[in-house]
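Numbering (the UniProt record's numbering), first residue to last: 1 to 122. Cβ atoms here follow ideal geometry from the backbone N, Cα and C, with glycine treated the same way. Here the structure is a predicted model, which means the values were calculated and not measured. Note sheet for the following structure.
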């Protein structure tokens with residue numbers, strides 16, 4: 001991702017993703033460990049597993065065609081494969097946002113109660 005001197009996005013930054021997502025990345029303390037080769041990539045991908053910004057990180061890497069490093073839990077090879085297999089996707093940020101699983105709260109709130117003993121009015 002690139003940012004101009006005035007802080008605005010360049011052509012390689014997705015406007016849907018605020019640049020501040022990086023501050024919340026699990027790899028922020030040692031980003032060099034995300035730029036590895038071979039079997040060490042597995043460890044880098046593991047760092048992403050519980051990262052709170054895995055989706056915007058991955059979307060940014062795909063949208064900006066970032067070539068090197070592990071981003072959003074995806075190796076270079078995985079990102080290349082996704083881009084090749086899905087050339088029709090114009091914005092990965094929008095794609096991920098529209099395919100985000102609904103939250104547990106939303107899912108539970110929309111599920112009718114099955115226990116009539118506890119809720120006789122159902």
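Euclidean distance between Cα positions of residue i and residue j
| i | j | result |
| --- | --- | --- |
| residue 78 | residue 55 | 14 Å |
| residue 98 | residue 30 | 31 Å |
| residue 86 | residue 21 | 25 Å |
| residue 24 | residue 50 | 12 Å |
| residue 133 | residue 80 | Here the chain has residues from 1 to 122 only, and residue 133 is not among them. |
Proximity below 8 Å, CB of residue i to CB of residue j
| i | j | result |
| --- | --- | --- |
| residue 44 | residue 36 | yes |
| residue 69 | residue 34 | yes |
| residue 41 | residue 66 | no |
Residues of its chain near residue i, where Cβ-Cβ distance is below 6 Å and the 5 sequence neighbours each way are ignored
| i | result |
| --- | --- |
| residue 47 | 26, 27 |
Exposure label - residue i; buried when at least 16 CB within 10 Å
| i | result |
| --- | --- |
| residue 38 | exposed |
| residue 96 | buried |
8 Å CB neighbourhood of residue i in its chain, flanking five on each side removed
| i | result |
| --- | --- |
| residue 133 | Residue 133 lies beyond the range of the chain shown here (1 to 122); nothing can be said about it. |
> Is the number of C-beta pairs between the segment 84–92 and the segment 57–65 that are closer than 8 Å three or more?
Replying inline: The answer is yes - the segment 57–65 touches the segment 84–92, with three or more Cβ pairs under 8 Å.
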